[in-house]
Amino acid sequence: MSNLNREADKRETFSSGLAVFFATLSSAVGLGNIWKFPYMVGENGGGAFILIYLVCVFLVGMPVAISEFFIGRKTRSNAVDAFEKLKPGSSWKFVGYLGGITSFFVMLFYSTVGGWVYRYTFKALSMDFKSVGSMSIEDASLFVSSEFGNVVSSPVAPILWQIAFTGVVALIIFAGVKNGIEKVTKTLMPVLLVLIVLCAARSLTLEGAREGIDFLFTADFSAITPGVLLAALGLAFFKLSLGMGTMITYGSYFTKDNNMSATSAKVAISDIAVSMLAGLAIFPVVFTFGLEPGEGPGLLFNTIPLVFSRIPFGNVLIVAFFLLASIAATTAMTSMMAVPVSILNEKFKLNKGLSVLIVAGIVSAIGALTVHPSSLLGHIQLFGKSFFDLYDFLASNIFMPVGGLLTVVFVGWFVKKVLLFDELSNGGTVKNQAYLKAYGFLVKFVTPLLLIFIFLSSIGILSM
Ligand code: PFF
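Numbering (our numbering), first residue to last: 3 to 466.
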């Protein structure tokens, strides 16, 4: 037996189908739903953007997710060894390395926002938003946006919060699959859902509810440009944690009897539901309080304290909201960090503690130097973007879709069909195989062509 196979046999797995679902969902659901989705919908014109995003999820995201689950579970390996086992001696393993590198770009800006969310949890705990309830609409929105400005741009605090956030993630990874990831995710994901539903319910009874709903559900296609298409595609990748080896790594912990195409559908649909609920919680507030839907990354932080100021026991519930948002952000970042850590630990044979320390150290150090307005290099702009925006753009709009394209080309064209369908149908035992048939077609033709089309049009080669 080769070394690689012996290691695969020792590998931990999640303990049940439910654990697989919650762990995968905990990677998908995170700041993407409550922070990124709403502000991107706001910046890109509302309903039409959402429709395109949905097409990207079903025609591109799900096939990429299933392909990654296949690669991971079949080989039970980290992202690099997984490609190596399926095509020994080939260059495909560099797709795994690319994933490891991409994860750093994502972690750099994700941990920054994670730090803001931790900071807001403590602000809520110390009742910093208590007075908002008795303020006029104008004063309340001014107060909340100046609080956000202080959190982001004070000289040292955001750097320390980012390091704290990264440190917690490092500890969870260190604790392992069953004790760390599984325990945290199974209990807390359902509670987060309940709180978002509560927020949405309150928002929908605010004065601006009608306008908020119209904004989310009315599609104005004149706002759609190639750049917007690329943004929707990037969001689909970011949301479902694709194109950077995360789902290969989590797939390697899946149980052998898991129906992976069903898991991908359940995760995609639940994830969309959470994002839509977040939209329903946030946009009515935007229109009630006269905020700007396209105001960007501050949107979550400028709206949530306002909704809770209009809910009985809002001072307590806002603590719960930010606590759960912190947890969602932490578990999503855990899945990102698992990619390079498992490569260092298994491929480069570094011990686990050291691997975690190296990855968390690099993220903290580069983060501290570049992503905050007060960082040493924080004022520098490259290609007209701050480091924060650049990391996000490179990861979501370039590296993740390229990683996804290479993954589907690999699975659709270079993996033996028999091997692929045997694994995806669990040796022919999976009941409803209609979707698997569609998947075979999507992964070979539709998904790669759509990815290429969106790329070419966004760099102006195809005009629309
Ligand atoms: N899907 C996560 C979110 O929407 O917050 C972000 C994410 C997690 C991206 C894991 C990439 C990843 F590998």
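Ideal Cβ placement from N, Cα and C applies to all residues, glycine included.
Asked	Found
Residue range of the alpha helix (DSSP H) that includes PHE107	95-127
Near the ligand PFF: GLY429 beta-carbon under 7 Å from a heavy atom	no
Enclosing alpha helix (DSSP H) for ASN317 [first to last residue]	316-344
Cutoff 7 Å; reference ALA30; Cβ partners in own chain excluding five residues on either side	LYS241, LEU242, SER243, VAL269 and ASP273
Closest by C-alpha distance to TRP94, when choosing among ILE198, PRO40 and ILE73	ILE73
DSSP three-state assignment for LYS351, whether helix, strand or coil	coil
Closest residue to GLY135 among ASN317, SER28 and ALA330 (Cα-Cα distance)	ASN317
Outcome for ILE456 when other beta-carbon atoms lying within 10 angstroms are tallied against a minimum of 16	buried
Which listed residue (MET262, LEU110, ALA327 and GLY247) has its alpha carbon closest to that of SER277	ALA327
Length-filtered (4 minimum) alpha helix (DSSP H) runs lying within the region 256-324	262-290 and 301-311
Contact test: GLY117 Cβ vs the ligand PFF heavy atom, cutoff 7 Å	no
Exposed unless 16 or more other CB atoms sit within 10 angstroms - verdict on ALA225	exposed
Local Cβ density within 10 Å of VAL22, reported as buried at 16 or more and exposed below that	buried
Simplified DSSP assignment, three categories, for LEU20	helix
Other residues of its chain near ARG1: CB distance less than 7 Å, five sequence neighbours each side excluded	Absent from the structure is residue 1, since the part of the chain shown begins at 3 and ends at 466.
The region 437-454 touching the region 405-423, judged by at least three CB pairs closer than 8 Å	yes
Segment limits, alpha helix (DSSP H) that includes VAL82	81-88
Contact under 8 Å by Cβ, PHE303 with PHE150	yes
Delimiting residues of the alpha helix (DSSP H) encompassing ASP130	Note, ASP130: premise wrong, no alpha helix (DSSP H); not H, not E.
Alpha helix (DSSP H) runs wholly inside the region 223-249, at least 4 long, in chain order	228-241
Cutoff 6 Å; reference ARG13; Cβ partners in own chain excluding five residues on either side	ARG78
Supposed contact pair SER113 and MET335 - C-beta distance, whole angstroms, cut 8 Å	6 Å
VAL445 - containing alpha helix (DSSP H), residue span	Premise fails: VAL445 is in no alpha helix (DSSP H) and is neither H nor E.
Contact test: LYS241 Cβ vs the ligand PFF heavy atom, cutoff 7 Å	yes
The region 369-380 / the region 44-64 touching (three or more Cβ pairs under 8 Å)	no
Within 8 Å, strictly: CB atoms of LEU110 and VAL358	no
Residues near ARG121 in its chain [Cβ-Cβ closer than 8 Å; skip 5 each side]	VAL153, ALA159, PRO160 and TRP163
Residues that DSSP places opposite LEU384 in a beta bridge	LYS387
Three-state class that DSSP yields for MET3 in the structure shown	Only weak support is given to the placement of MET3: the predicted model assigns it a pLDDT of 45, under 50, and the value that follows is read from those uncertain coordinates. Reduced to three states, the DSSP call for MET3 is coil.
Simplified DSSP state of VAL158, which is helix, strand or coil	coil
Same chain, Cβ closer than 6 Å to THR15, neighbours up to 5 away in sequence not counted	TYR255 and THR257
Segment contact, 8 Å Cβ cut-off, at least three pairs: the region 42-56 with the region 218-232	yes
LEU356 versus SER337 - alpha carbon distance	18 Å
Status (buried if at least 16 other CB within 10 Å, exposed otherwise) for MET339	buried
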